[in-house]
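A quick write-up on the structure given underneath.
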Amino acid sequence: MDQGVVRFITAGSVDDGKSTLIGRLLYDTKSILVDQMESLSKTRHARAVSTEAGIDLALLTDGLEAEREQGITIDVAYRYFSTPQRKFIVADAPGHEQYTRNLVTGASQSDVAVVLVDATRVDLSTQPATLLAQTKRHAAIIRLLGLRHVVFVINKMDLLDFNEQTFNAIGESITDLTQKLGLPKPQLIPISALLGINVVEKSAATPWYRGQTLLQWLENLDLGVDNKSAEFRFPVQFVARQDGSDANGFRGYMGRIDAGHVRVGQKITVLPSGRHSTVTEIYLANGSGALDTNNAVPSAATDQTVTLCLSDELDVSRGDLFTQTDGLTPPALTQLLSADLCWLDSEPLSLTRKYALRHTTNTVSAKVKRIEQVLDVHTLLHGTDVQVLNANDIGRVELVLQKPIAADLFDEARRTGCFILIDEATHHTVAAGMIRNT
Amino acid sequence: MTTTPLQDSHLDGLEAESITIIREVVAQCANPAMLFSSGKDSIVMFHLARKAFHFGARPIRLPFPLLHIDTGHNYDEVIQFRDALVRKTGVQLIVGHVEDSIKRGTVRLRKATDSRNAAQAVTLLESIAEHEFDALMGGARRDEEKARAKERIFSFRDEFGQWDPKAQRPELWHLYNARITRGENMRVFPISNWTELDIWQYIAREKLELPSIYYSHSREVVRKNNLLVPVTPVTPKGPSDNSEVLSVRFRTVGDISCTCPVESRAATPTEIIAETVLSELTERGATRMDDQTSEASMERRKKEGYF
Numbered sequence: 000m001d002q003g004v005v006r007f008i009t010a011g012s013v014d015d016g017k018s019t020l021i022g023r024l025l026y027d028t029k030s031i032l033v034d035q036m037e038s039l040s041k042t043r044h045a046r047a048v049s050t051e052a053g054i055d056l057a058l059l060t061d062g063l064e065a066e067r068e069q070g071i072t073i074d075v076a077y078r079y080f081s082t083p084q085r086k087f088i089v090a091d092a093p094g095h096e097q098y099t100r101n102l103v104t105g106a107s108q109s110d111v112a113v114v115l116v117d118a119t120r121v122d123l124s125t126q127p128a129t130l131l132a133q134t135k136r137h138a139a140i141i142r143l144l145g146l147r148h149v150v151f152v153i154n155k156m157d158l159l160d161f162n163e164q165t166f167n168a169i170g171e172s173i174t175d176l177t178q179k180l181g182l183p184k185p186q187l188i189p190i191s192a193l194l195g196i197n198v199v200e201k202s203a204a205t206p207w208y209r210g211q212t213l214l215q216w217l218e219n220l221d222l223g224v225d226n227k228s229a230e231f232r233f234p235v236q237f238v239a240r241q242d243g244s245d246a247n248g249f250r251g252y253m254g255r256i257d258a259g260h261v262r263v264g265q266k267i268t269v270l271p272s273g274r275h276s277t278v279t280e281i282y283l284a285n286g287s288g289a290l291d292t293n294n295a296v297p298s299a300a301t302d303q304t305v306t307l308c309l310s311d312e313l314d315v316s317r318g319d320l321f322t323q324t325d326g327l328t329p330p331a332l333t334q335l336l337s338a339d340l341c342w343l344d345s346e347p348l349s350l351t352r353k354y355a356l357r358h359t360t361n362t363v364s365a366k367v368k369r370i371e372q373v374l375d376v377h378t379l380l381h382g383t384d385v386q387v388l389n390a391n392d393i394g395r396v397e398l399v400l401q402k403p404i405a406a407d408l409f410d411e412a413r414r415t416g417c418f419i420l421i422d423e424a425t426h427h428t429v430a431a432g433m434i435r436n437t
Numbered sequence: 000m001t002t003t004p005l006q007d008s009h010l011d012g013l014e015a016e017s018i019t020i021i022r023e024v025v026a027q028c029a030n031p032a033m034l035f036s037s038g039k040d041s042i043v044m045f046h047l048a049r050k051a052f053h054f055g056a057r058p059i060r061l062p063f064p065l066l067h068i069d070t071g072h073n074y075d076e077v078i079q080f081r082d083a084l085v086r087k088t089g090v091q092l093i094v095g096h097v098e099d100s101i102k103r104g105t106v107r108l109r110k111a112t113d114s115r116n117a118a119q120a121v122t123l124l125e126s127i128a129e130h131e132f133d134a135l136m137g138g139a140r141r142d143e144e145k146a147r148a149k150e151r152i153f154s155f156r157d158e159f160g161q162w163d164p165k166a167q168r169p170e171l172w173h174l175y176n177a178r179i180t181r182g183e184n185m186r187v188f189p190i191s192n193w194t195e196l197d198i199w200q201y202i203a204r205e206k207l208e209l210p211s212i213y214y215s216h217s218r219e220v221v222r223k224n225n226l227l228v229p230v231t232p233v234t235p236k237g238p239s240d241n242s243e244v245l246s247v248r249f250r251t252v253g254d255i256s257c258t259c260p261v262e263s264r265a266a267t268p269t270e271i272i273a274e275t276v277l278s279e280l281t282e283r284g285a286t287r288m289d290d291q292t293s294e295a296s297m298e299r300r301k302k303e304g305y306f
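If you read the protein sequences in the order shown, they are chains A and B.
What the first sequence shows, in numbering that gives the first Met the number 0, is residues 0 to 437, in sequence order.
What the second sequence shows, in numbering that gives the first Met the number 0, is residues 0 to 306, in sequence order.
Structure below.
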């Protein structure tokens, strides 16, 4: 995994201050340029909250006209900033309930989640303190989407006099929540996005807080080697052919290595056919200077885009998966999947229609046989009596496929364990799926 | 912005993502093309495409043509650069002329010297119809402008070429959905996640050639509304204008009538990186006359089919 860039999502309920927080990160890392500042002071905004510099930081990310009218963020905006340590890509996902699909989108593009909690909207009269339903929903989605690094920033601490007891009470509720969901022990940071406290600069306002600021935490985060040590997974994206016109006939299999590594001479198995072959050539598409030189390499690893040639003339096409023949944990070849579905479309899931299921580069027809349970985000309990999935619902379903696919479990191999469903009539992407059982 | 050079690993990551996207277009779409303006972003995108189809010593053959929407208002250096690149790489180039749309009457300008930037959308849609392209790759970046920050990588256009920002397809992991019905169109942005700084660092690393006007040169300009308007046949000096000759370079290459240079002595990518890192103006703000008209002008133009 690329240690030079951190992709993170900001999640939280509407008005928790997500856009302000991102604006603050951009402003304090000096990523905002003069003309952007000037256009901000020209803009009229219904929920404008000014900073000490007289700028509404949220306006930096609220890009579309409709949002400027409504004063809410309705789509994922991507933002970029860098520090001497790292480069950051931020997915600013909306908190409004009907736009949960955008949170799912943003989370699927991210390695790290920054969850905002508006400290003033936590009900402290209960024991433990009661978090907003949206906060729970977002934490649940982050768990489902397998983000392994999560930080909760407790925002608007300025409105609560930076009270340590309040922070601790909220922290306990969050710890409870993450335990229930099976998330790792959460990082908790008290901040004020508006005043810039503990976002980039450490503040004297919270002498009792000895941890890192949000930016320090993001800069120092170890993303880990991820799936480089995992077994080889290579979905064939495109078969390149150059033949006919010259003797230099060529048949290469293009794609990005999803996990593990590959070397010339390695024995591979093609799934679903189960045929074996040996890698004879590896052409590395990316990496410095690859166009000037012969880009044949002896080996390649996760995240690299390559073209592979095999020793045998096999019938291989887009959608096939190459694995290492000596692998100990091969993917399951299956026509039945148990999966969590995040329903994204305004038209609810139909149990009678068939959908196109996109898994890696492969597309097969699929039907949802039954809905096993639906997650109630208020209680985080699973209801078993619901037989419908509407937009923004998350449910465990059983799918039956027209042809077998080579599937991994999502929590073990994210890229070969995820899929989307596409409506055959409208071509909409209607669901995000995470494989839980094969 | 900071002054630390970003690591190679970061560029490798962006590069791999872009190459994957370009290959995905070829795999999923029947008749794609790549937009090419000779601007630095399209030069980087073209380079990435050639890397995607590079197999050792074999000649690189792209499975799609380049499409240039030509406003007819160009700097000579830019067209010369384009034609030299075509000769050198053997890529197929298709040119759609705004001039032809004007002759057909599908584009009408109030006066001959009006900016033809907005008219490009018409010629683009006409070129799509003529060649029956189902997907076009473009070199837009999300850091350029706020409306672009929300654009999907695979961005759906209806049969009128319109973008509906409220009805975008969710984009999950790397599972891009390029399905369309005949007459509809996909716009694909392989370098969405690159910033201006990334582009310059990549140009330096890969030693890419650019049209010479990207580097400092002497040019006669008039100062107007905090912009340096070049004196050209399309943008002549008015009677009350005072011109001066300054050392300038262009940060974007577009229609002459709406693209302004910035003062600069940077003559190499490395010097430009140093300037970019210190720049107080975003790329479009410093150099585009048409984006300043209203806060939401880019979003309006996108809805109309502009790239």
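C-beta atoms are modelled at their ideal positions from N, C-alpha and C, and glycine is treated no differently.
Residue from the options with nearest C-alpha to residue i
{"i": "residue 179 (chain B)", "options": "B:19, B:24, B:79, B:37", "result": "B:24"}
{"i": "residue 121 (chain B)", "options": "B:138, B:134, B:101, B:137", "result": "B:101"}
{"i": "residue 187 (chain B)", "options": "B:128, B:73, B:132, B:159", "result": "B:132"}
{"i": "residue 422 (chain A)", "options": "A:206, A:353, A:84", "result": "A:353"}
{"i": "residue 349 (chain A)", "options": "A:370, A:363, A:329, A:229", "result": "A:370"}
{"i": "residue 345 (chain A)", "options": "B:167, B:106, B:232, B:216", "result": "B:167"}
{"i": "residue 323 (chain A)", "options": "A:306, A:267, A:89", "result": "A:267"}
{"i": "residue 187 (chain A)", "options": "A:233, A:222, A:195, A:149", "result": "A:149"}
{"i": "residue 366 (chain A)", "options": "A:337, A:358, A:193, A:400", "result": "A:400"}
Outcome for residue i when other beta-carbon atoms lying within 10 angstroms are tallied against a minimum of 16
{"i": "residue 222 (chain B)", "result": "exposed"}
{"i": "residue 244 (chain B)", "result": "exposed"}
{"i": "residue 378 (chain A)", "result": "exposed"}
{"i": "residue 298 (chain B)", "result": "In this prediction, residue 298 (chain B) has a pLDDT of 49, which is less than 50 and means its spatial position is unreliable; what the coordinates show is noted afterwards. With 16 or more Cβ atoms within 10 Å of its Cβ, residue 298 (chain B) is classed as buried."}
{"i": "residue 69 (chain B)", "result": "buried"}
{"i": "residue 109 (chain B)", "result": "exposed"}
{"i": "residue 63 (chain A)", "result": "Annotation note: pLDDT 46 at residue 63 (chain A) (below 50); position unreliable, no value reported."}
{"i": "residue 158 (chain A)", "result": "exposed"}
Beta carbon proximity, residue i to chain B, threshold 8 Å
{"i": "residue 433 (chain A)", "result": "no"}
{"i": "residue 148 (chain A)", "result": "no"}
{"i": "residue 306 (chain A)", "result": "yes"}
{"i": "residue 75 (chain A)", "result": "yes"}
Per-residue contacts from residue i into chain B (C-beta, under 9 Å)
{"i": "residue 78 (chain A)", "result": "141, 142, 148"}
{"i": "residue 181 (chain A)", "result": "Simply none; closest approach about 21 Å."}
{"i": "residue 303 (chain A)", "result": "11, 15"}
Beta-carbon neighbours of residue i, restricted to chain B and to distances below 8 Å
{"i": "residue 293 (chain A)", "result": "55, 56"}
{"i": "residue 156 (chain A)", "result": "The premise fails here: residue 156 (chain A) is roughly 27 Å from chain B at the closest Cβ pair, so nothing lies under 8 Å."}
Extent of the continuous beta strand (DSSP E) to which residue i belongs
{"i": "residue 218 (chain A)", "result": "Taken as a continuous stretch (DSSP letters only), residue 218 (chain A) belongs to no beta strand (DSSP E), being part of the alpha helix (DSSP H) at 213–219."}
{"i": "residue 130 (chain A)", "result": "Segment: none, residue 130 (chain A) is in no beta strand (DSSP E) and carries neither H nor E."}
{"i": "residue 153 (chain A)", "result": "148–154"}
{"i": "residue 122 (chain A)", "result": "Element bounds for residue 122 (chain A): n/a, residue is neither H nor E."}
{"i": "residue 184 (chain B)", "result": "184–187"}
Closer than 8 Å to chain A by CB, residue i
{"i": "residue 184 (chain B)", "result": "no"}
{"i": "residue 23 (chain B)", "result": "yes"}
{"i": "residue 171 (chain B)", "result": "yes"}
{"i": "residue 18 (chain B)", "result": "yes"}
{"i": "residue 250 (chain B)", "result": "no"}
{"i": "residue 174 (chain B)", "result": "yes"}
{"i": "residue 331 (chain B)", "result": "The displayed coordinates of chain B run from 0 to 306. Any statement about residue 331 (chain B) would go beyond what the structure contains."}
{"i": "residue 179 (chain B)", "result": "yes"}
{"i": "residue 194 (chain B)", "result": "yes"}
{"i": "residue 118 (chain B)", "result": "no"}
Chain-ordered chain A contacts of residue i [CB-CB under 7 Å]
{"i": "residue 105 (chain B)", "result": "In chain order: nothing, as chain A lies at least about 27 Å away."}
{"i": "residue 188 (chain B)", "result": "Under the 7 Å cutoff, chain A gives no residues; its nearest Cβ is about 11 Å from residue 188 (chain B)."}
Start and end residues, alpha helix (DSSP H) containing residue i
{"i": "residue 366 (chain A)", "result": "Residue 366 (chain A) -> not in any alpha helix (DSSP H); beta strand (DSSP E) instead, spanning 361–375."}
{"i": "residue 46 (chain B)", "result": "39–51"}
{"i": "residue 402 (chain A)", "result": "Where residue 402 (chain A) is concerned, there is no enclosing alpha helix (DSSP H), although the beta strand (DSSP E) it sits in stretches over 393–406."}
Contact list for residue i against chain B, beta-carbon separation under 7 Å
{"i": "residue 343 (chain A)", "result": "169"}
{"i": "residue 317 (chain A)", "result": "26"}
Listed by chain order, chain A residues near residue i by CB distance under 8 Å
{"i": "residue 198 (chain B)", "result": "Correct list: empty, because the minimum Cβ distance to chain A is about 12 Å."}
{"i": "residue 362 (chain B)", "result": "Here chain B has residues from 0 to 306 only, and residue 362 (chain B) is not among them."}
Under 9 Å from the C-beta of residue i: neighbouring residues of chain A
{"i": "residue 60 (chain B)", "result": "241"}
**Request:** Identify each residue in the stretch 131–145 of chain A for which the Cβ-Cβ distance to at least one residue of chain C is less than 7 Å, and report them in chain order.
**Result:** This model lacks chain C altogether; the protein chains it does include are A and B.
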